Amino acid sequence: MIYPEQKTVVAFSLGKEGTYGRPDIYCETDSIQVELFNSFGIDLSEIFQDY
């Protein structure tokens, strides 16, 4: 979930048991690494620069 006013992202990951655990919370200065693609990351400062 993306909250542009707070410049935060809440990311849920599906666990091995098939359930969602505690979410990871990222702020505008963070970079999110996508587990499925090792070399793919999202720089949140670029995403939130216009807010």
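By this note's numbering, the letter at position 5 of the sequence shown is numbered 1322, and the numbering carries on one by one without gaps.
Even glycine gets a Cβ: it sits at the ideal position worked out from N, Cα and C.
Bear in mind that the values here come from a model prediction, so they are computed numbers and not experimental data.
Task: Buried versus exposed, by CB contacts within 10 Å (16 or more), Leu1361 - done: buried
Open item on the list: Which residue marks the beginning of the alpha helix (DSSP H) containing Ser1362, and which one marks its end?
Closed with: Leu1361 to Ile1364
Open item on the list: Let me check understanding here. Comparing Cα to Cα, which of Ser1348, Phe1357 and Phe1354 lies closest to Lys1324?
Closed with: Ser1348
Open item on the list: What residue range does the beta strand (DSSP E) around Asp1341 cover?
Closed with: Asp1341 to Cys1344
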